[in-house]
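See structure below.
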Amino acid sequence: MIKQRETMDICGAEFEVRTRDREVISVKSDSNFGSIDLVEGIVYLNGTMSKPIRDNTLIHEWLHGVGQTYGVDFPEIHICAIASELYRKGFRIETKRVTMPPKASGRNRRS
Ligand SMILES: [Zn+2]
Numbered sequence: 037m038i039k040q041r042e043t044m045d046i047c048g049a050e051f052e053v054r055t056r057d058r059e060v061i062s063v064k065s066d067s068n069f070g071s072i073d074l075v076e077g078i079v080y081l082n083g084t085m086s087k088p089i090r091d092n093t094l095i096h097e098w099l100h101g102v103g104q105t106y107g108v109d110f111p112e113i114h115i116c117a118i119a120s121e122l123y124r125k126g127f128r129i130e131t132k133r134v135t136m137p138p139k140a141s142g143r144n145r146r147s
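Numbering (the numbering used here), first residue to last: 37 to 147.
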């Protein structure tokens, strides 16, 4: 089966954007709006958010990814403020839909 997934770029690296149909449950979650897993390269979003909140959250998680990539531990309030102001000024994170080829084996996720 051919699957499509949504991706975004963070510092030149492709991250998968996974939208869940429920709250994002994670230790690293941002109040159940979203979270980022830099190791796995995945941004998780709460699928129940409105588009404006989703767009703001994408900027928020992107900022976390940029900071972590460069080894800068931005305080959460800085991330919130910068993301909100970038959103207000019209900044948006571009995402892409990419088609994934079928996997050779359904059991090995890291092949
Ligand atoms: Zn955050």
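From the three backbone atoms N, C-alpha and C, an ideal C-beta is built for every residue, glycine too.
Sequence-distant residues of its chain with Cβ nearer than 8 Å to residue i (five each side left out)
| i | result |
| --- | --- |
| G91 | Sequence inspection shows Asp at residue 91; the Gly mentioned does not correspond to that position. The answer, listed in chain order, is Y123, R128 and I129. |
| M136 | I38, K39, Q40 and R41 |
| F51 | T43, M44, D45, I72, G77, I78, V79 and G101 |
7 Å Cβ shell around residue i - same chain, five flanking residues per side excluded
| i | result |
| --- | --- |
| I118 | L99 |
| G103 | D109 and F110 |
| I95 | A119, L122, Y123, F127 and I129 |
Cβ shell of residue i (< 6 Å), same chain only, five flanking positions each side left out
| i | result |
| --- | --- |
| F69 | N82 and T93 |
Pair within 8 Å by beta-carbon distance, residue i and residue j
| i | j | result |
| --- | --- | --- |
| C47 | T105 | yes |
Residue i, buried or exposed, once every other Cβ within 10 Å from all chains shown has been counted against 16
| i | result |
| --- | --- |
| V75 | exposed |
| V134 | exposed |
| G101 | buried |
| I113 | exposed |
Beta-ladder partner(s) of residue i, from DSSP
| i | result |
| --- | --- |
| E121 | Note: E121 sits in no beta bridge, so no partner. |
| T84 | According to DSSP, which records beta bridges pairwise, T84 is partnered with nothing at all. |
| Q40 | T135 |
| E50 | D45 |
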